[in-house]
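Notes for the one structure printed next.
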Amino acid sequence: MNIINLQDKNLYYIGGVVRDKILGLESFDVDITYEGNAIEFAKSIPDAKIIQINESFGTVRINSDGKEIDIASTRNETYPQKGHLPVVENIGCSLKKDVLRRDFTINSLAQSTLTGEIIDYTGGLDDIKTKTLRVLHDESFIDDPTRIVRCLKFSVRFGFEPDEHTKQLQDKYLQNVNYDMSYKRLKKELIETFNLNSQKAFEKFVTEKIYKLLTQADFKLPDINFENLIKKYQPKNVWIIYAGILPDIQKLPLTKTEKNIIDDFYSLREKSYSNDFEIYKNFKGVNIESIIMFAIYEKEIVEHYLDNLSQIELAISGNDLQELGIEPSNKYQKCFDYVLKEKLNNPKTDKSAEIKLAKEYFGII
Ligand code: ATP
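Going by this note's numbering, 300 is the number at position 300 of the sequence shown; the sequence numbering is gapless.
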């Protein structure tokens with residue numbers, strides 16, 4: 001079945017989309033490649049409107065029958081600087097050469113848009129059948145170490161496992177990581193992997209020492225199940241919870257929000273949690289992600305806060321104190337803390353009871 005309305009003997013579905021079709025899964029994005037020059041091909045399609053051309057990558061975006069389609073020219077890639085973006089070479093090369101630059105055999109299949117025939121130069125079809133992740137050559141992880149994280153991602157998504165040789169190459173690379181790499185690419189793969197919220201993926205990430213891509217430090221698997229905590233408390237930013245507890249996480253190009261989450265997590269470690277009042281004061285207003293991360297140190301306290309304390313709010317405000325005839329001053333905060341301590345003991349305390357407590361604090365009869 002064709003996903004796009006274009007057909008040509010040189011036009012192929014390629015990579016993940018073919019894999020997903022075979023697995024009966026829906027694809028996030030559909031990669032199309034033209035064996036030859038895609039830009040020239042696009043110009044020759046009678047009803048297609050060209051939207052964007054990238055000459056140096058040989059890619060083109062067209063609108064055909066109201067649908068936007070990206071078409072890439074077949075190309076080769078080399079890695080003169082290992083671990084960094086590849087250099088594009090040989091635009092318009094053979095389909096076979098294009099396929100051989102890819103990460104795993106299961107991602108190296110092509111399917112003709114014209115005949116539907118699957119072109120399998122690397123044994124990808126067999127590897128899909130046997131649920132195997134296999135690199136295409138021994139330098140694969142040296143060229144691009146982010147493929148190690150991709151391997152983990154696909155193993156979680158599809159329940160596939162790397163074959164023994166691929167696993168050996170991975171272990172070998174992780175014993176001798178070249179830290180001069182593109183951390184932007186590594187971050188992208190970590191986001192996609194950890195956003196799957198899989199405890200199993202995290203455990204593999206640690207026990208197989210994949211975290212060594214980020215840091216030379218040693219890191220032990222924390223005794224925590226983030227997957228369950230994340231399911232229960234539904235934080236927005238899932239990946240940072242897993243990644244943010246790793247040493248040297250700052251090596252990744254982090255956004256301001258991500259940096260805040262990590263800073264908050266570090267600050268939580270500096271505080272004491274000997275009673276509900278301290279717990280509440282230290283956690284209130286802090287990112288949920290940082291609080292969940294802190295569960296690696298104080299799981300019970302985190303759960304107690306999130307389950308029992310976090311919803312507690314004072315009903316009284318400064319206006320209520322003013323109505324009691326109290327002039328605004330730093331005593332307001334002390335009074336709120338006094339009322340809060342009581343309310344944490346007895347969450348059913350309502351507004352009138354809070355006002356009573358405030359009066360008690362100020363000695364008003
Ligand atoms: P997803 O469903 O996550 O999009 P995908 O396989 O389509 O999976 P993409 O990251 O969109 O993944 O990449 C598209 C294709 O490009 C892959 O199927 C693979 O052939 C190739 N590719 C992607 N990343 C790499 C890489 N780091 N090294 C080599 N080839 C890659």
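Heads up, the beta-carbon is just placed ideally off N, CA and C, and yes, glycines get one too. Only a predicted model underlies this, so the values are computations on that prediction, with no experimental measurement involved.
When the options are compared against residue i, the one with the closest alpha-carbon
| i | options | result |
| --- | --- | --- |
| S112 | T33, D127, I45 | T33 |
| Q216 | N176, E360, Y79, K281 | N176 |
| F219 | H84, F28, K359, I296 | I296 |
| I422 | E278, K299, L306 | This structure leaves residue 422 out entirely; the chain is present only between 1 and 365. |
| F160 | A243, L133, S272, D171 | L133 |
| I301 | Y183, Y173, Y273, R269 | Y273 |
| F104 | S198, S140, N195 | S140 |
| W359 | Q311, I230, G325, P347 | Note that residue 359 is Lys in the sequence shown here, rather than Trp. It is G325. |
| Y211 | D20, L196, P86, Q170 | Q170 |
| N197 | Q52, Q168, K236 | K236 |
| Q333 | K259, I316, E323, G16 | I316 |
| M293 | V156, I261, S73 | I261 |
| F158 | S352, L23, N10, Q7 | L23 |
| V18 | I71, I39, Q7, G116 | G116 |
| G285 | N275, E68, E313, Y183 | E313 |
| Q322 | I355, I39, F194 | I355 |
| I69 | Y266, I39, P328, E55 | I39 |
| I45 | I142, G318, L174, N63 | N63 |
| D127 | I106, Q81, N275, I291 | I106 |
| N10 | I3, N37, D20 | N37 |
| S108 | L214, G15, D337, L254 | G15 |
| I249 | K167, A201, I191 | I191 |
| I148 | Q52, F194, L174 | L174 |
| K281 | K209, E55, A72, K341 | K341 |
Opening and closing residue of the beta strand (DSSP E) in which residue i lies
| i | result |
| --- | --- |
| Q111 | 109-112 |
| K49 | 49-54 |
| S64 | 59-64 |
| I14 | 11-14 |
Residue range of the unbroken alpha helix (DSSP H) whose run includes residue i
| i | result |
| --- | --- |
| E227 | 226-233 |
| K67 | Segment 67-73 is the beta strand (DSSP E) holding K67; no alpha helix (DSSP H) there. |
| I355 | 351-362 |
| S317 | Note, S317: premise wrong, no alpha helix (DSSP H); not H, not E. |
| Y297 | Segment: none, Y297 is in no alpha helix (DSSP H) and carries neither H nor E. |
| D180 | Premise fails: D180 is in no alpha helix (DSSP H) and is neither H nor E. |
DSSP state of residue i mapped onto helix, strand, coil
| i | result |
| --- | --- |
| V30 | coil |
| E164 | helix |
| I4 | coil |
| R185 | helix |
| D120 | strand |
| L246 | coil |
| F277 | helix |
| I45 | coil |
| A217 | coil |
| L252 | coil |
| V286 | coil |
| N308 | helix |
| N197 | coil |
| L324 | coil |
| Q81 | coil |
| N345 | helix |
| D223 | coil |
| T115 | coil |
| S272 | coil |
Which residues DSSP lists as bridging residue i, in chain order
| i | result |
| --- | --- |
| N76 | E89 |
| L370 | A query on residue 370 cannot be resolved here, the shown segment of the chain reaching from 1 to 365 and no further. |
| T132 | E161 |
| F104 | V135 |
Cα-Cα separation between residue i and residue j, rounded to whole angstroms
| i | j | result |
| --- | --- | --- |
| V30 | Y12 | 11 Å |
| L221 | T207 | 7 Å |
| N136 | L100 | Rather than Asn, the amino acid found at residue 136 in this sequence is Leu. Approximately 7 Å between the Cα atoms of the pair. |
| D47 | D65 | 8 Å |
| K97 | E77 | 9 Å |
| F277 | L344 | 7 Å |
| R75 | I241 | 37 Å |
| E131 | E270 | Before going further, note that residue 131 is Lys rather than Glu in the sequence given. Answer to the nearest angstrom: the Cα atoms are 46 Å apart. |
| E203 | D264 | 24 Å |
| N308 | L229 | 15 Å |
| S94 | E303 | 57 Å |
| Y233 | K299 | 13 Å |
| G363 | K187 | 57 Å |
| T146 | P86 | 12 Å |
| V238 | V156 | 16 Å |
| A243 | F205 | 10 Å |
| S27 | S310 | 39 Å |
| L6 | L114 | 8 Å |
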